[in-house]
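Written below as structure tokens is the structure these notes are about.
4 protein chains.
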Amino acid sequence: MAQSYKELLNNVKGFIFDVDGVLTNGMVTIYPGGELVRQMNIKDGYALKTAIDAGFPVCIISGGSNIGVRSRLEGLGIKDIYLGVHDKIEKYHEILELHNLKPEEIVYMGDDIPDYPVMELVGIPCAPQDAVPEIKAVSKYVSPIKGGEGCVRDIIEQVLRVQEKWNGKFYAKFD
Amino acid sequence: MAQSYKELLNNVKGFIFDVDGVLTNGMVTIYPGGELVRQMNIKDGYALKTAIDAGFPVCIISGGSNIGVRSRLEGLGIKDIYLGVHDKIEKYHEILELHNLKPEEIVYMGDDIPDYPVMELVGIPCAPQDAVPEIKAVSKYVSPIKGGEGCVRDIIEQVLRVQEKWNGKFYAKFD
Amino acid sequence: MAQSYKELLNNVKGFIFDVDGVLTNGMVTIYPGGELVRQMNIKDGYALKTAIDAGFPVCIISGGSNIGVRSRLEGLGIKDIYLGVHDKIEKYHEILELHNLKPEEIVYMGDDIPDYPVMELVGIPCAPQDAVPEIKAVSKYVSPIKGGEGCVRDIIEQVLRVQEKWNGKFYAKFD
Amino acid sequence: MAQSYKELLNNVKGFIFDVDGVLTNGMVTIYPGGELVRQMNIKDGYALKTAIDAGFPVCIISGGSNIGVRSRLEGLGIKDIYLGVHDKIEKYHEILELHNLKPEEIVYMGDDIPDYPVMELVGIPCAPQDAVPEIKAVSKYVSPIKGGEGCVRDIIEQVLRVQEKWNGKFYAKFD
Chain F
358 MAQSYKELLN
368 NVKGFIFDVD
378 GVLTNGMVTI
388 YPGGELVRQM
398 NIKDGYALKT
408 AIDAGFPVCI
418 ISGGSNIGVR
428 SRLEGLGIKD
438 IYLGVHDKIE
448 KYHEILELHN
458 LKPEEIVYMG
468 DDIPDYPVME
478 LVGIPCAPQD
488 AVPEIKAVSK
498 YVSPIKGGEG
508 CVRDIIEQVL
518 RVQEKWNGKF
528 YAKFD
Chain A
358 MAQSYKELLN
368 NVKGFIFDVD
378 GVLTNGMVTI
388 YPGGELVRQM
398 NIKDGYALKT
408 AIDAGFPVCI
418 ISGGSNIGVR
428 SRLEGLGIKD
438 IYLGVHDKIE
448 KYHEILELHN
458 LKPEEIVYMG
468 DDIPDYPVME
478 LVGIPCAPQD
488 AVPEIKAVSK
498 YVSPIKGGEG
508 CVRDIIEQVL
518 RVQEKWNGKF
528 YAKFD
Chain C
358 MAQSYKELLN
368 NVKGFIFDVD
378 GVLTNGMVTI
388 YPGGELVRQM
398 NIKDGYALKT
408 AIDAGFPVCI
418 ISGGSNIGVR
428 SRLEGLGIKD
438 IYLGVHDKIE
448 KYHEILELHN
458 LKPEEIVYMG
468 DDIPDYPVME
478 LVGIPCAPQD
488 AVPEIKAVSK
498 YVSPIKGGEG
508 CVRDIIEQVL
518 RVQEKWNGKF
528 YAKFD
Chain D
358 MAQSYKELLN
368 NVKGFIFDVD
378 GVLTNGMVTI
388 YPGGELVRQM
398 NIKDGYALKT
408 AIDAGFPVCI
418 ISGGSNIGVR
428 SRLEGLGIKD
438 IYLGVHDKIE
448 KYHEILELHN
458 LKPEEIVYMG
468 DDIPDYPVME
478 LVGIPCAPQD
488 AVPEIKAVSK
498 YVSPIKGGEG
508 CVRDIIEQVL
518 RVQEKWNGKF
528 YAKFD
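Which chain is which? The protein sequence lines are F, A, C and D, in order. Residues in the first sequence are numbered consecutively from 358, following our numbering. Residues in the second sequence are numbered consecutively from 358, following our numbering. Residues in the third sequence are numbered consecutively from 358, following our numbering. Residues in the fourth sequence are numbered consecutively from 358, following our numbering.
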């Protein structure tokens with residue numbers, strides 16, 4: 358691909374994130390009833406909210422299903438939350454159609470084999486530092502930051518900075 | 358500024374702390390109902406209590422709101438707990454007036470963009486080691502310790518040591 | 358032993374895992390009623406499910422007992438879950454008989470002294486990076502990964518790759 | 358002191374441990390009602406149980422108070438659990454009398470200022486790697502392991518090995 362990394366980021370019009378290992382560190386706390394409880398990062402939350410406020414569709418696709426996770430993500434203003442998804446490719450195509458987006462306009466960040474098929478299709482596949490080797494190999498950008506520790510903030514902030522949509526007045530001072 | 362770092366600390370008469378990423382490591386556990394549960398550090402708690410016992414106003418300003426956090430901080434003796442705050446600058450000015458303090462007498466420790474506007478105004482802006490770059494750039498002191506791992510203890514202990522208010526009899530032995 | 362490590366893995370027909378320090382990082386959260394709550398890793402979960410789908414008996418033997426852990430492991434499709442086990446050797450022999458397996462066909466991963474007696478008997482004793490020295494000394498493979506951080510994924514993935522049962526189409530691309 | 362470290366350990370007849378920052382990593386999870394929930398390490402638990410089985414008095418003194426912590430420690434067979442203690446020195450003298458022990462026969466592991474007065478009195482004061490500087494300075498042994506990560510196991514195992522009471526048959530093989 359002849360395009361530079363910065364040019365790629367300039368094309369981005371939407372984000373799709375996996376949950377476990379991306380928005381979380383991949384650990385689940387096992388409640389007495391077997392329910393799986395996750396941890397997320399406030400710094401990621403700030404970036405997700407900023408992207409939505411800047412008008413980007415932000416979508417979540419996860420094989421897991423959890424009412425708490427949905428509630429947290431809705432609280433950040435995310436509307437496209439698809440949990441318990443078995444066919445991530447089908448959902449990906451729905452998202453493209455729903456938001457009238459092209460593959461090269463999409464950042465998808467995933468960390469494990471179930472993300473692989475979608476990441477072959479999407480324009481800008483990304484991964485946290487601790488993704489499995491297969492996922493890192495197929496990614497155009499591997500964050501230096503691990504899942505749950507701010508890798509989502511990292512890629513959102515980079516896209517919004519390139520497009521001059523990151524925190525208005527702060528942008529000029531730091532970039 | 359011609360003043361040395363030690364002189365700055367000698368001027369301190371009050372502390373203001375952010376919660377997420379400062380008193381916590383920035384992670385939130387997402388309960389089934391979507392409630393966000395935090396973790397704090399007992400070593401920070403000891404320092405907060407010591408500062409209050411030494412007569413310092415210790416104030417908490419957080420954009421988040423959580424009944425458990427309030428209960429924990431009240432248990433340490435903190436009275437000025439402002440949660441769910443959208444305009445941190447307004448609250449900052451209220452604190453100055455309430456405690457009759459000047460900006461150069463205040464330590465404020467924050468870690469992310471929402472802390473930035475206040476940190477431009479306060480006399481001694483500080484940050485944990487893992488604050489975002491913008492916040493570290495505006496800080497007069499960046500702790501070598503991460504959020505939730507004792508950065509609050511670090512700055513409180515430094516101020517109280519300079520002012521010879523840290524643990525009476527132990528002070529002489531270790532400093 | 359004249360066999361190479363790869364030959365050993367080729368012989369594997371079943372897996373046995375300890376829970377604390379192997380499927381978890383060895384920490385337990387102490388609930389108000391004294392109940393112990395564990396954390397597990399989604400990447401390990403993916404590997405456990407893949408091994409079961411590939412037809413391997415996957416067995417869990419733990420001295421601890423916890424209804425949430427059982428529920429989580431059952432959700433991954435594991436049927437042989439033995440919790441609250443005081444005599445791991447007896448249970449090990451039952452598993453051999455139940456699944457008609459020989460010692461040299463078994464991977465057992467443990468991390469602490471209670472695993473030692475079984476690990477002397479099993480064909481391929483393994484350990485996470487942070488197992489106690491006695492266990493590492495008796496192991497034929499010590500994962501570079503700590504308990505709860507993916508050591509279970511590591512050994513399962515290695516066995517399935519050697520036997521060409523790891524993720525079908527992905528296998529060809531990455532190994 | 359002319360005695361070697363190994364001689365000191367040979368004298369040990371009882372253990373006293375602080376909770377926060379020693380049996381835990383110093384973090385507390387803040388429940389919605391403000392209750393503080395701790396995490397402990399299964400490897401420490403194994404060592405505590407082994408020490409008790411070998412006949413050592415094992416005592417817990419903590420300024421904090423928590424019903425879950427009590428339940429967990431009782432489950433390991435610990436009988437001397439003193440929580441919510443404000444005067445650790447008074448409790449220390451009670452323990453000496455109750456078990457007919459002399460100061461030089463006691464290991465005490467603590468991590469922060471409230472442990473300091475007792476650690477000046479006890480024969481073998483110890484600390485985890487991440488104790489505060491004052492505590493490390495007064496300690497005869499600083500474990501290379503952090504609080505909650507196995508520092509309790511470290512000191513118990515060392516004492517029991519020197520006294521040839523660590524895991525009978527395994528002892529011969531590994532030491």
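Every residue, glycine too, gets a C-beta built ideally from N, C-alpha and C. Fair warning: this is a prediction, and the values are worked out from it, not measured in the lab.
Between ALA484 (chain A) and LYS493 (chain A), the gap from beta carbon to beta carbon is short of 7 Å.
Its chain contains GLU462, VAL464, ILE481, VAL516 as the residues whose beta carbon lies nearer than 7 Å to that of VAL369 (chain A), once the 5 sequence neighbours on both sides are disregarded; these appear in chain order. Within chain F, the residues whose beta carbon sits less than 8 Å from that of MET397 (chain C) are MET384, VAL385, ILE387, listed in sequence order.
Between the segment 384 to 401 of chain D and the segment 502 to 520 of chain C, the count of Cβ pairs shorter than 8 Å is below three; the stretches do not touch.
Under the DSSP definition of a beta bridge, LEU393 (chain C) partners with C:ILE387.
Secondary structure note for PRO482 (chain F): its beta strand (DSSP E) is the uninterrupted segment 481 to 484. Identification of residues in the segment 458 to 476 of chain D having a C-beta nearer than 7 Å to some C-beta of chain A yields ASP469, ILE470, TYR473, given in sequence order. Against VAL479 (chain C), chain F offers no close residue; the least beta-carbon distance is about 26 Å (beta-carbon pairs closer than 8 Å).
Here DSSP, grouped into helix, strand and coil, assigns VAL464 (chain A) to strand.
Here the segment 420 to 429 of chain A lies against the segment 390 to 401 of chain A, with 3 or more beta-carbon pairs under 8 Å apart.
As DSSP reads the structure, ILE417 (chain F) sits in a beta bridge with F:PHE374, F:ILE438.
With 16 or more other CB atoms across the displayed protein chains lying within 10 angstroms of its CB, ASP377 (chain C) is buried. Think of a sphere of 7 Å around the beta carbon of GLY391 (chain D): the chain A residues whose beta carbon falls inside it are GLY425, SER428, ARG429, GLY432, in chain order.
Buried is the label assigned to GLU514 (chain D), since at least 16 other Cβ atoms lie within 10 Å of its Cβ. When 7 Å is used as the limit between beta carbons, ASP377 (chain A) is near these residues of chain F: ILE399, in chain order. Relative to the Cα of GLY371 (chain A), the nearest Cα in the group A:HIS456, A:GLY434, A:LYS406, A:HIS443 belongs to A:HIS456. Its Cα nearest to that of PRO474 (chain A), the residue A:TYR449 stands out among A:TYR449, A:ALA488, A:GLU454, A:LYS459. For HIS456 (chain C), no alpha helix (DSSP H) encloses it, and the DSSP letter there is neither H nor E. VAL499 (chain D) is bridged by DSSP to D:ALA484.
The continuous alpha helix (DSSP H) containing SER428 (chain D) extends over residues 424 to 432. The beta carbon of ASP472 (chain F) is closer than 8 Å to those of ASP375, LYS445, TYR465, ILE492 in its chain, skipping five residues each way along the sequence.
If you look at LYS406 (chain D), you'll find it in the alpha helix (DSSP H) that goes 399 to 410. Straight-line spacing of the CA atoms in TRP523 (chain A) and THR407 (chain A) works out to 8 Å. Against chain A, a Cβ distance below 7 Å from TYR403 (chain F) picks out ASP469, ILE470. Residues of chain A whose Cβ lies closer than 9 Å to the Cβ of ASN524 (chain F) are, in chain order, ILE470, TYR473, GLU491.
Cβ-Cβ separation between ILE435 (chain A) and LEU458 (chain A): approximately 16 Å, too far for a contact (criterion under 8 Å). SER419 (chain C) sits buried, since 16 or more C-beta atoms from the chains shown fall within 10 Å of its C-beta. Contact between ILE452 (chain D) and ILE373 (chain D) holds, with the beta-carbon distance rounding to 7 Å and staying under 8 Å.
Contact annotation: ASN382 (chain D) and GLY467 (chain D) have beta-carbon atoms that are not nearer than 7 Å.
Under the DSSP assignment, LEU365 (chain D) falls in the alpha helix (DSSP H) whose first and last residues are 362 to 367. Residue environment: ASP410 (chain D) is assigned as exposed (fewer than 16 neighbouring CB atoms within 10 Å of its CB, all protein chains considered). When the alpha-carbon of PRO490 (chain C) is set against those of C:LEU380, C:GLU447, C:ILE470, the nearest one is in C:ILE470.
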